[in-house]
Structures are given as structure tokens and as C-alpha cells.
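A.B. asks: Numbering (the UniProt record's numbering), first residue to last: 1 to 218.
Handing you a structure now.
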Amino acid sequence: MNKKQGLLIVFEGIDGSGKTTQINLLARTLKEKNIDFEVISFPQYGQNEYAQKIFDYLSGKFGTLGKVDPYEMAKLYASDRKTVRDLIKKWLTEGKLVIANRYVSSSKAHLGANLAEEKREEFIKWIDQLEYNENGMPKEDLTILLSVDSKIGQKNSQEKNHPDIHEDNLSHLQKANEIFLELSKKEKNWVVVDCMSNFQMKSPEEIQKEVVAELKII
Numbered sequence: 001m002n003k004k005q006g007l008l009i010v011f012e013g014i015d016g017s018g019k020t021t022q023i024n025l026l027a028r029t030l031k032e033k034n035i036d037f038e039v040i041s042f043p044q045y046g047q048n049e050y051a052q053k054i055f056d057y058l059s060g061k062f063g064t065l066g067k068v069d070p071y072e073m074a075k076l077y078a079s080d081r082k083t084v085r086d087l088i089k090k091w092l093t094e095g096k097l098v099i100a101n102r103y104v105s106s107s108k109a110h111l112g113a114n115l116a117e118e119k120r121e122e123f124i125k126w127i128d129q130l131e132y133n134e135n136g137m138p139k140e141d142l143t144i145l146l147s148v149d150s151k152i153g154q155k156n157s158q159e160k161n162h163p164d165i166h167e168d169n170l171s172h173l174q175k176a177n178e179i180f181l182e183l184s185k186k187e188k189n190w191v192v193v194d195c196m197s198n199f200q201m202k203s204p205e206e207i208q209k210e211v212v213a214e215l216k217i218i
């Protein structure tokens, strides 16, 4: 008897929205319930040449946001993901729950934020063609968008590490936030978890309860 196909669950949201924290909390719950899972994060820093170039871009080595071609950067992000395409497919075939910290939609939001609004729809369609059709990346079964105020997200990021060119630019984060919310309305299998309450971020435990409530498999 064949194993049931696994599920690809993606966490999205701007920098400082708590993706890593929520994934770590979820991983603990999955272990307690003996649910077979894998976690993967993008970009895969230290794993391939594409991720190194992405690191250089975010460090500002390629210039400011307005000077970098979003299409060229999208190819790098896509190439980074493609290096583990077969591994992700293997995990899914084995019936595992695969949790991704960022995925295709991160390129749509963060790189799309560098384009004029009227050019974004075409860019998003191009990314879908590149990632899913040409590169054969598995499609998400569920995308969980952690929705946080852009200023709070930026503050959280700045407190943790030296901000990259995305995190350092509030206008960029606001545009990326808007695109993520638009995607949540237009694309299939998205849920939005509101991480804010009374202009402050909810506790990680409060947010996790809402995340788990959306995962009917737990």
C-alpha cells in the first residue's frame, strides 16, 4: 500500500514577522505528536553559489534596491530553490510534512516591491512560469502568512541582526507587505494569521495557537 503524499506548508511574511520562531514552536509540537516532518529555509546560506550571491545582494554589494534587476535576482532565488527540488519531492513522496521558511512568494513580494505597481502582475506571472513550470518546483499545499505591521517587523529585524537592504528600507517592507496581502486574496490555499493586537505584536505562544488551528492535520 502506497504512503499518503506529504504536504508542503510554507511560512511567509516580511522580515521580523516571526517565521523562524513559529516554525520552531511548530516543530516542537510535531515531534510531540510523532508527526514525520522536515524543515527547510530559503535562501540556503552557505549551501550553494546562488545563495552566496543572494547574500551579497542583500548586503548591498550589487548596489541599492533600485539599481538591481528584479528579474535577474528572481533567477538566483529560483536557482537556489531548485537545488533541493528533488529532495523536497522525495520528502513529499515519503509522506512527510515539509515546512518551508520562505518560498516562491517571497520573490514575488520582495522583488515585486522593487517594480512599479503596473509591472508587478506580469512579474508575478513570470515567476510562476519560471519556478513551477520550468524548474518544476512543488506547489504549496498551504501558505501561512504571518501578518505584522511593517514598522514592528523592521524593529524586530534590527534588534536581531545588522539589517540587510530589505530590512533597512521601511518603504520596501511596506510594499512587500501589501503584495503578500494581495497574494493571500488572489492565490489558492493561503491563510493570514494576524500577529498584531492593539498596535503590538502578540506573544509567540498566542500566534502559535492560531497557526496550529489552521493546520487541521495536527
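We put the beta carbon where it would ideally sit given N, CA and C, even for glycine.
Pull up the DSSP beta-bridge partners for F55, would you.
C.D. replies: The partner list for F55 (beta bridge, DSSP) is empty, contrary to what the question assumes.
A.B. asks: Taking DSSP as the reference, what is the three-state secondary structure of I88?
C.D. replies: Correct three-state label for I88: helix.
A.B. asks: Under DSSP, the alpha helix (DSSP H) around V148 begins and ends at which residues?
C.D. replies: No alpha helix (DSSP H) holds V148; DSSP gives it neither H nor E.
A.B. asks: Enumerated in chain order, which unbroken segments of the alpha helix (DSSP H) with a length of 4 residues or greater are wholly contained in the segment 90-140?
C.D. replies: The qualifying runs are 104-112, 117-128.
A.B. asks: Whole alpha helix (DSSP H) runs in the segment 17-69 with 4 or more residues, listed along the chain?
C.D. replies: Counting whole runs of 4 or more residues, the segment 17-69 contains the alpha helix (DSSP H) stretches 19-32, 49-58.
A.B. asks: Quick one, are the C-beta atoms of E140 and V39 less than 8 Å apart?
C.D. replies: Cβ atoms of E140 and V39: not closer than 8 Å.
A.B. asks: Please state whether the Cβ-Cβ distance between I99 and G112 is less than 8 Å.
C.D. replies: Taking 8 Å as the Cβ cut-off, I99 and G112 do not qualify as a contacting pair.
A.B. asks: Rounded to whole angstroms, how far is the Cβ of V193 from the Cβ of L146, which I believe are closer than 8 Å?
C.D. replies: Their Cβ separation, rounded to whole angstroms, is 6 Å, which keeps V193 and L146 in contact under 8 Å.
A.B. asks: When you compare only the Cα positions, how much space is there between K33 and N189?
C.D. replies: So the two alpha carbons sit approximately 24 Å from each other.
A.B. asks: Please confirm whether F42 and D80 have their CB atoms less than 8 Å apart.
C.D. replies: In this structure, D80 lies closer than 8 Å to F42 by Cβ.
A.B. asks: Quick one, are the C-beta atoms of S203 and L173 less than 8 Å apart?
C.D. replies: The answer is no: Cβ separation not under 8 Å.
A.B. asks: Between the segment 104-111 and the segment 60-76, are three or more C-beta pairs nearer than 8 Å?
C.D. replies: The segment 104-111 is in contact with the segment 60-76.
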